[in-house]
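Notes follow once the structure below has been shown.
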Amino acid sequence: MVAAWCALAVGIAAKDGRYGAWSISAVLVGWGVAAVTVALLGGGQGPASWLGRPVRVAARRLGRSTPWLSWRVTWAAVALLVGLGPVLRHPRYYGSGGWAELADWCSIAAGLLAAAGVVAGLLAERPRPWPPALSRGLGALGGRRAFGAVVALAVTAGGATVLAAPDPEIDVFHLLQESSRGLVDAVNMYHQVWLTGRPGDLHGGLVDVYPYLPATSVLLAPFRLLLGDVRYGLLAALVVAVYAVRALGRRDAPWMPVVPLLVLVFPESCYALEQSWTEPLLVACLAVMVWAASGGRGTIAVVAFAVALASKQHVVLLVPVAAVWPAFGRRRAAAACGLALALVAPWVLDDPRAFFHDAVQTNLSYPVLDHSLSVTGWAHHFGVNLGFGATAVALAVAYLLAWRARGDAAGFAAGGALVLLTVVELNKQSFFNHYTLPMALLVLAMASTLARPRDAPPRPAAEATRVGLRRPGHP
1 MVAAWCALAV
11 GIAAKDGRYG
21 AWSISAVLVG
31 WGVAAVTVAL
41 LGGGQGPASW
51 LGRPVRVAAR
61 RLGRSTPWLS
71 WRVTWAAVAL
81 LVGLGPVLRH
91 PRYYGSGGWA
101 ELADWCSIAA
111 GLLAAAGVVA
121 GLLAERPRPW
131 PPALSRGLGA
141 LGGRRAFGAV
151 VALAVTAGGA
161 TVLAAPDPEI
171 DVFHLLQESS
181 RGLVDAVNMY
191 HQVWLTGRPG
201 DLHGGLVDVY
211 PYLPATSVLL
221 APFRLLLGDV
231 RYGLLAALVV
241 AVYAVRALGR
251 RDAPWMPVVP
261 LLVLVFPESC
271 YALEQSWTEP
281 LLVACLAVMV
291 WAASGGRGTI
301 AVVAFAVALA
311 SKQHVVLLVP
321 VAAVWPAFGR
331 RRAAAACGLA
341 LALVAPWVLD
351 DPRAFFHDAV
361 QTNLSYPVLD
371 HSLSVTGWAH
381 HFGVNLGFGA
391 TAVALAVAYL
401 LAWRARGDAA
411 GFAAGGALVL
421 LTVVELNKQS
431 FFNHYTLPMA
441 LLVLAMASTL
451 ARPRDAPPRP
461 AAEATRVGLR
471 RPGHP
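Once you know that position 384 of the sequence shown is 384 in full-length UniProt numbering, the rest is easy, because the numbers rise by one and skip nothing.
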């Protein structure tokens with residue numbers, strides 16, 4: 001899971017989520033590693049054994065165990081990505097001035113502090129204890145204060161990003177702003193038009209289409225009305241997700257102080273916020289759902305999943321995965337779908353044709369783009385049209401692997417990540433934001449794995465050492 005997250009983070013940051021040789025290579029590696037991870041959770045050994053052979057050979061040459069090496073390599077990669085990502089990659093398409101500089105420096109500080117927590121965890125694991133002063137310092141870097149400092153720095157960076165670009169020329173920002181404001185006047189968002197009044201309005205983006213489901217604007221409306229910008233709501237959603245992920249784990253679980261931060265501190269996170277992409281809402285809803293279902297809070301889990309379903313269309317792909325998760329189950333999945341339909345119903349009943357045009361037809365009729373970071377976009381470079389058949393076959397395989405991995409929260413999150421990642425990889429238009437939801441689900445899977453009690457029996461074939469999730473030295 002950690003390795004898959006790292007590969008995806010590299011891929012989306014390489015060219016700001018657009019197609020490129022390094023970008024597509026990295027996300028394909030992430031997709032493959034995610035598939036192997038889910039297969040492992042379901043009891044499959046073959047692919048993991050084959051892919052793990054180089055690690056085993058390297059470990060033997062170093063005179064170490066395979067868990068010892070894989071653990072350190074994966075988390076060292078996380079430290080490098082989180083620590084160096086903000087230093088090397090901080091694109092600004094709209095923001096400038098002092099606020100933009102503050103955002104960059106706060107992002108760098110948050111990344112370096114989070115990376116220091118990873119390094120501290122690695123150093124703390126040596127057999128012989130460190131001197132008391134150094135040991136206290138390493139403990140502090142992985143403690144609550146350091147965790148809170150990273151969150152505070154990241155939130156400051158996000159707020160500064162919003163202030164640096166108060167009026168970005170991107171369709172998503174304007175349609176969210178206007179639709180959220182229109183709710184006060186009972187205006188149907190599927191009737192609205194979003195224009196800035198400037199030449200070359202929104203660079204050819206959507207000006208009379210609302211491509212999401214209504215709950216997106218409903219959730220963001222308070223932030224639009226009180227603070228003037230929907231992006232504060234997206235930032236708040238990420239903070240909710242961080243603390244929901246943190247609540248999943250045991251206090252003594254290894255790496256729990258670092259894992260929740262990966263939904264907030266990752267390469268180019270402020271770039272995603274600047275663009276107003278709405279995935280943070282889904283991340284927060286699913287994080288709350290997993291936390292609630294894992295703790296026996298069925299009603300909260302159903303409501304959280306329903307809100308996610310009523311926010312963006314592709315969340316429906318997670319319904320089969322949720323239905324076979326014993327802690328959630330078919331009845332709660334059906335209840336969540338029913339509640340989501342009830343939430344969306346007022347807009348559907350008001351104008352079914354407008355709803356179908358914006359929320360369904362427009363999304364299905366998008367053309368394949370050459371700069372799409374997907375296999376479909378890659379194939380289009382060579383004049384190859386993959387069509388829906390390839391997507392259907394790949395999805396069937398992903399669902400089969402997710403079904404075999406069912407059993408606990410880690411299986412749901414990892415299986416859901418694979419299903420969504422499969423759709424993203426074979427979509428006609430896939431960019432930076434589309435990968436962030438599967439990445440967040442991988443983080444949820446990591447946290448859920450680490451949340452298991454120390455004396456819990458291991459899952460069949462779930463050899464977490466091969467994905468960097470078990471402490472070295474434990475068989």
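Heads up, the beta-carbon is just placed ideally off N, CA and C, and yes, glycines get one too.
To the nearest whole angstrom, what separates the beta carbons of residue i and residue j, a pair I think is in contact under 8 Å?
| i | j | result |
| --- | --- | --- |
| Tyr212 | Thr278 | 7 Å |
| Val315 | Leu282 | 6 Å |
| Val259 | Leu41 | Not quite, the Cβ-Cβ distance comes to about 17 Å (not below 8 Å), so this is no contact. |
| Ala244 | Ala287 | 4 Å |
| Ala354 | Asn188 | 7 Å |
| Pro438 | Ala417 | 4 Å |
| Val419 | His434 | Not a contact, Cβ separation roughly 13 Å. |
Is DSSP giving residue i helix, strand or coil here?
| i | result |
| --- | --- |
| Gly383 | coil |
| Glu268 | coil |
| Ala405 | coil |
| Asn363 | helix |
| Gln275 | coil |
| Gly43 | coil |
| Glu125 | coil |
| Glu179 | Residue identity differs from the one stated: residue 179 is Ser in this sequence, not Glu. Reduced to three states, the DSSP call for Ser179 is helix. |
| Gly63 | coil |
| Tyr217 | Looking at the sequence shown, residue 217 is not Tyr but Ser. Three-state DSSP puts Ser217 in a helix. |
| Leu206 | coil |
| Trp78 | With the sequence shown as reference, residue 78 is identified as Val, and Trp is not the correct amino acid for it. Note: Val78 maps to helix in three-state DSSP. |
| Ala115 | helix |
| Ile12 | helix |
| Ala335 | helix |
| Ala186 | coil |
| Val258 | coil |
| Tyr399 | helix |
| Ile170 | coil |
| Met289 | helix |
| Ser211 | The sequence given here places Pro at residue 211; Ser does not occur at that position. DSSP places Pro211 in coil when its eight states are reduced to three. |
| Gly83 | helix |
Straight-line CA distance for residue i to residue j?
| i | j | result |
| --- | --- | --- |
| Leu123 | Val172 | 44 Å |
| Thr436 | Arg60 | 36 Å |
| Ser135 | Arg128 | 11 Å |
| Leu234 | Ala272 | 10 Å |
| Val118 | Thr376 | 36 Å |
| Leu442 | Leu206 | 31 Å |
| Leu69 | Ala76 | 10 Å |
| Ile24 | Trp71 | 26 Å |
| Gly121 | Ala284 | 27 Å |
| Ala402 | Ala413 | 9 Å |
| Ser430 | Leu369 | 9 Å |
| Leu226 | Tyr232 | 10 Å |
| Asp351 | Tyr210 | 13 Å |
| Met256 | Ala301 | 22 Å |
| Leu81 | Ala379 | 29 Å |
| Val29 | Ala394 | 16 Å |
| Leu141 | Trp347 | 49 Å |
| Asp358 | Leu176 | 14 Å |
For the alpha helix (DSSP H) containing residue i, name the first residue and the last one.
| i | result |
| --- | --- |
| Arg297 | No alpha helix (DSSP H) holds Arg297; DSSP gives it neither H nor E. |
| Arg144 | 144-164 |
| Arg92 | Neither: Arg92 is in no alpha helix (DSSP H) and is coded neither H nor E. |
| Gly20 | It is not in any alpha helix (DSSP H) - Gly20 carries neither H nor E in the DSSP assignment. |
| Asn433 | 432-450 |
| Phe328 | Segment: none, Phe328 is in no alpha helix (DSSP H) and carries neither H nor E. |
| Ser372 | That residue, Ser372, is in no alpha helix (DSSP H); it is neither H nor E in DSSP. |
| Pro352 | 352-355 |
| Ala310 | Careful: Ala310 lies outside any alpha helix (DSSP H) and carries neither H nor E. |
| Leu138 | 132-141 |
| Leu235 | 231-248 |
Use the C-beta contact count for residue i: other C-beta atoms within 10 angstroms, 16 or more gives buried, fewer gives exposed.
| i | result |
| --- | --- |
| Gln361 | exposed |
| Gly17 | buried |
| Phe328 | buried |
| Asn385 | exposed |
| His381 | exposed |
| Trp5 | buried |
| Asp104 | buried |
| Leu248 | buried |
| Trp22 | exposed |
| Thr299 | exposed |
| Leu341 | exposed |
| Ser365 | exposed |
| Val10 | buried |
| Tyr93 | exposed |
| Ala115 | buried |
Can you find a CB in chain B that lies within less than 8 Å of the CB of residue i?
| i | result |
| --- | --- |
| Ala114 | No chain B is part of this structure, which consists of one protein chain only. |
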